[in-house]
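Peer 1:
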Amino acid sequence: MDRCTRARAPRRCASWTLVLLMATPLAAPARARLAPGRPMPARAASTAATVRGPLPDSVLAVVGSRREITVSRFRKAWDQVAPPARPDSLTPEGARGFLELLVSKEALGEAAGRERWIWTARESAEYQGQRDRLVIQTMLDSALTATRRGLGPRGDSLDQQALGIVARDSAMTRLHVRYEEALLAKLAQAWGAIPRPSRDSSMFAQLRAMGAMPAVDPADTAKVVARSDEGDYRVAGLLEAWRRLNPLYRPRIESGSQVRDLVKNGLFERMLRRDAERRGLEHRADIAAALANLREYNDVSHLVAREVYARIATDSLTLLKHFRARQDDWTLPLRVKVLGIVLGDRGEASALAVRLRAAGEAESLEAVSRRGGASLAYEVSAASDSALFARAMRAGTGAVLGPDPVEDGWEVWRVVAVMPGRRRSFDEVRDLVHHSWYGEEGERLMRALVDSLRAATPVAINQAALAKLGGARGN
Numbered sequence: 117m118d119r120c121t122r123a124r125a126p127r128r129c130a131s132w133t134l135v136l137l138m139a140t141p142l143a144a145p146a147r148a149r150l151a152p153g154r155p156m157p158a159r160a161a162s163t164a165a166t167v168r169g170p171l172p173d174s175v176l177a178v179v180g181s182r183r184e185i186t187v188s189r190f191r192k193a194w195d196q197v198a199p200p201a202r203p204d205s206l207t208p209e210g211a212r213g214f215l216e217l218l219v220s221k222e223a224l225g226e227a228a229g230r231e232r233w234i235w236t237a238r239e240s241a242e243y244q245g246q247r248d249r250l251v252i253q254t255m256l257d258s259a260l261t262a263t264r265r266g267l268g269p270r271g272d273s274l275d276q277q278a279l280g281i282v283a284r285d286s287a288m289t290r291l292h293v294r295y296e297e298a299l300l301a302k303l304a305q306a307w308g309a310i311p312r313p314s315r316d317s318s319m320f321a322q323l324r325a326m327g328a329m330p331a332v333d334p335a336d337t338a339k340v341v342a343r344s345d346e347g348d349y350r351v352a353g354l355l356e357a358w359r360r361l362n363p364l365y366r367p368r369i370e371s372g373s374q375v376r377d378l379v380k381n382g383l384f385e386r387m388l389r390r391d392a393e394r395r396g397l398e399h400r401a402d403i404a405a406a407l408a409n410l411r412e413y414n415d416v417s418h419l420v421a422r423e424v425y426a427r428i429a430t431d432s433l434t435l436l437k438h439f440r441a442r443q444d445d446w447t448l449p450l451r452v453k454v455l456g457i458v459l460g461d462r463g464e465a466s467a468l469a470v471r472l473r474a475a476g477e478a479e480s481l482e483a484v485s486r487r488g489g490a491s492l493a494y495e496v497s498a499a500s501d502s503a504l505f506a507r508a509m510r511a512g513t514g515a516v517l518g519p520d521p522v523e524d525g526w527e528v529w530r531v532v533a534v535m536p537g538r539r540r541s542f543d544e545v546r547d548l549v550h551h552s553w554y555g556e557e558g559e560r561l562m563r564a565l566v567d568s569l570r571a572a573t574p575v576a577i578n579q580a581a582l583a584k585l586g587g588a589r590g591n
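Under the numbering used here, residues 117 to 591 are what the sequence shown spells out, in order.
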């Protein structure tokens, strides 16, 4: 879409809640869930949480039965969220307003925890992947620290990558790893046959090339490529480890020694993972809290999907009614169509400006750029670029502007046409209308959901701690 044809940007569905939901952790781990279909209470008997005695200075609020919003959690959330999702400054009013947002978010978590939710395959895979990353990273950090300490002064001169190689190779020695050299050489041929991404291909084409899997003979996948005191390592495990590796970080593999390094990495990772399982590392407080937050995030997402997004009507009559109520939003203003080119050298830009004064040259250049998938022509209005719009209107159709200095070099413009404003039909802007309605109605439903949950969720506020926080100097 060109710069001037965008309608007024609709508000995103409950932007303040969703920003907080994305950026800040919930207050307490998810608790045991009740059976599916349990009705949500219409209203709690009391809006004050049941707490014994006054809240400590470190706790700003208790939501529901035991979801604490501490001062440190409040400050962390404040730092993670930028205006306008939060107030500009930490005044008493700003502190109270932001705490209200956090309380509302916790009420969502409290409600989501009352039901069982069936995650999508993607959500389950992302959760398992996050758990694995947290555990492996913790084990790796511990191994690197022990390795650096064991190396003494020599370890201080090694960067993280070099230290990791030392830690890995030391582990391979302790495991008495033996490699199948002939199989390593055969696998190297399969990896080496992966096409190299072309530098002049598109970004997506390069990513596809980097994400390609080696064409390994299916008969080889069950073969053992390395034996160790902790068990055999098979080609299937090597392929799975390569599949999990981000394509952007995959090295180019062309020799048996490089495949051996991949095997070492896989064995080292498997050793770390098994050690973590033996220690029950995923139950450590910080890792357990991070996983609980992710579980609850998924649950809240399902609650919002059911109570908000699934309730938004998007039939043609509803969208047409919204279109007619906001018809000025879809009106195209007076615009100027311009052809803009940036060149690195001023002399080349000046020469191009002379050529662009010929209408045929400009049309040819525009056609070539359009065939290449990156048109140089776009529309400018007073709202999208007031300075260029006014300058182009003064110059008139066919005028050439520049060269003008810009960050990347020198820019030259040709004014192609002046395009009068007009009202667009519903069919022209149906997608824009859908987007606008979805955001507006979604926000209304989201606010209604939060209001109902707030009314049904007991909350205790530590007024003294809140006043003290609001009186502190904020950012």
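The beta carbon of each residue, even a glycine, is placed where N, CA and C say it ideally should be.
Note that the coordinates shown come from a computational prediction; the quantities given were computed from them, not determined experimentally.
If you draw a straight line from the C-alpha of E398 to the C-alpha of A405, how long is it?
Peer 2: Computed Cα separation, rounded: 10 angstroms.
Peer 1: When burial is assigned at 16 or more other CB atoms within 10 Å of the CB, is V424 buried or exposed?
Peer 2: So V424 ends up on the buried side.
Peer 1: In three-state DSSP terms, what is T186?
Peer 2: Reduced to three states, the DSSP call for T186 is strand.
Peer 1: Take L364 as the anchor and find which of L323, A237, R390, A342 has the nearest alpha-carbon.
Peer 2: Measuring from the Cα of L364, the nearest candidate turns out to be L323.
Peer 1: When DSSP builds the beta bridges, which residues end up paired with P521?
Peer 2: Partner(s): W526.
Peer 1: Which same chain residues end up closer than 6 angstroms to L171 when comparing Cβ atoms and leaving out the 5 residues on each side of it in sequence?
Peer 2: Correct list, in chain order: N578.
Peer 1: Going by the CB atoms, is the gap between R376 and L300 shorter than 8 angstroms?
Peer 2: Cβ distance < 8 angstroms, so L300 and R376 count as in contact.
Peer 1: Tell me the rounded alpha-carbon separation between P145 and R247.
Peer 2: Here the model assigns P145 a pLDDT of 39, short of 50, so the residue's position is not dependable and the matter cannot be decided.
Peer 1: Reducing DSSP to helix, strand and coil, say where S541 ends up.
Peer 2: The answer is coil: DSSP assigns S541 none of H, G, I, E or B.
Peer 1: Among S181, T513, R538, whose alpha-carbon lies nearest the alpha-carbon of R530?
Peer 2: When only C-alpha atoms are compared, the closest one is T513.
Peer 1: Is it a yes or a no for the region 370-389 touching the region 407-425, going by three-plus beta-carbon pairs under 8 angstroms?
Peer 2: Cβ pair count under 8 angstroms is below three, so no.
Peer 1: Just mark M288 as buried or exposed, buried being the case when its beta carbon has 16 or more other beta carbons within 10 Å.
Peer 2: By the 10 Å Cβ count, M288 comes out buried.
Peer 1: For the ligand COA, I want to know if D501 counts as a neighbour, meaning its beta carbon is within less than 7 angstroms of at least one of the ligand's heavy atoms.
Peer 2: This structure lacks the ligand COA; in fact it carries no ligand of any kind.
Peer 1: How many whole angstroms separate the CB atoms of M387 and E356, which I take to be in contact at a CB cut-off of 8 angstroms?
Peer 2: With 8 angstroms as the limit, M387 and E356 do not qualify as a contact, their Cβ atoms being about 16 angstroms apart.
Peer 1: For E297 and chain C, any beta-carbon pair shorter than 8 angstroms?
Peer 2: You won't find chain C in this structure, because it holds only one protein chain.
Peer 1: Using DSSP with H/G/I as helix, E/B as strand and the rest coil, what is R389?
Peer 2: Note: R389 maps to helix in three-state DSSP.
Peer 1: Under 8 angstroms between the Cβ atoms of V522 and V454?
Peer 2: Cβ atoms of V522 and V454: not closer than 8 angstroms.
Peer 1: Taking only the alpha-carbon atoms, compute the straight-line gap between E297 and T236 and give it to the nearest angstrom.
Peer 2: Computed Cα separation, rounded: 42 angstroms.
Peer 1: When the Cα atoms are used, what is the spatial distance from E482 to A493?
Peer 2: Taking the straight line from one Cα to the other gives about 7 angstroms.
Peer 1: Just how far apart, CA to CA, sit P311 and G518?
Peer 2: In a straight line, the C-alpha of P311 is about 44 angstroms away from that of G518.
Peer 1: Taking G327 and L354 to be in contact with their CB atoms under 8 angstroms, please state how far apart those CB atoms are, rounded to whole angstroms.
Peer 2: That pair is no contact at about 17 angstroms.
Peer 1: Can you give the Cα-Cα distance for I234 and D257, rounded to whole angstroms?
Peer 2: If I take the Cα positions, the gap works out to 34 angstroms.
Peer 1: Can you name the start and end residues of the alpha helix (DSSP H) that E557 belongs to?
Peer 2: Element bounds for E557: 546-572.
Peer 1: Nearest to G587 by CA position, among S174, A177, E209, W358, is which residue?
Peer 2: Out of S174, A177, E209, W358, E209 has the C-alpha closest to the C-alpha of G587.
Peer 1: Hey, how far is the Cα of A342 from the Cα of G229?
Peer 2: Distance between the alpha carbons of A342 and G229: 46 angstroms.
Peer 1: Taking only three categories from DSSP, how would you classify S344?
Peer 2: It is a strand residue.
Peer 1: Skipping 5 residues on each side, what residues in its chain have a beta carbon closer than 6 angstroms to that of R451?
Peer 2: So the qualifying residues of the chain are C120, E495, S497, M535.
Peer 1: Considering Cα atoms alone, identify which of L410, A304, L407 is closest to I369.
Peer 2: Of the listed residues, the one whose Cα sits closest to I369 is A304.
Peer 1: Give the single residue among G525, R359, A401 whose Cα lies nearest to the Cα of A464.
Peer 2: Looking at the sequence shown, residue 464 is not Ala but Glu. The shortest Cα separation from E464 among G525, R359, A401 belongs to G525.
Peer 1: Going by C-alpha to C-alpha distance, which of T207, A309, G225, Q196 sits closest to R570?
Peer 2: Out of T207, A309, G225, Q196, G225 has the C-alpha closest to the C-alpha of R570.
Peer 1: Where does T447 land, buried or exposed, given buried means 16+ other C-beta within 10 angstroms?
Peer 2: When all chains shown are included, T447 counts as exposed.
Peer 1: Going by CA-CA distance only, name the one from A580, R264, W553 that's closest to L435.
Peer 2: Checked all of A580, R264, W553; the closest Cα to L435 is W553.
Peer 1: Using 10 angstroms around the beta-carbon of R359, count the other beta-carbons present and answer buried if the total reaches 16, otherwise exposed.
Peer 2: With fewer than 16 other Cβ atoms within 10 Å, it is exposed.
Peer 1: Taking 8 angstroms as the threshold (C-beta atoms), are S344 and L291 in contact?
Peer 2: A contact, by the Cβ cut-off of 8 angstroms.
Peer 1: Among D204, G180, A211, which has the Cα closest to the Cα of R189?
Peer 2: Among D204, G180, A211, the Cα nearest to that of R189 belongs to A211.
Peer 1: For R187, which residues from the same chain have a beta carbon less than 8 angstroms from its beta carbon, with the 5 sequence-adjacent residues on both sides left out?
Peer 2: Reading off the sequence shown, one finds Val at residue 187, where the question assumed Arg. Around V187: D173, S174, V175, L176, A581, L585.
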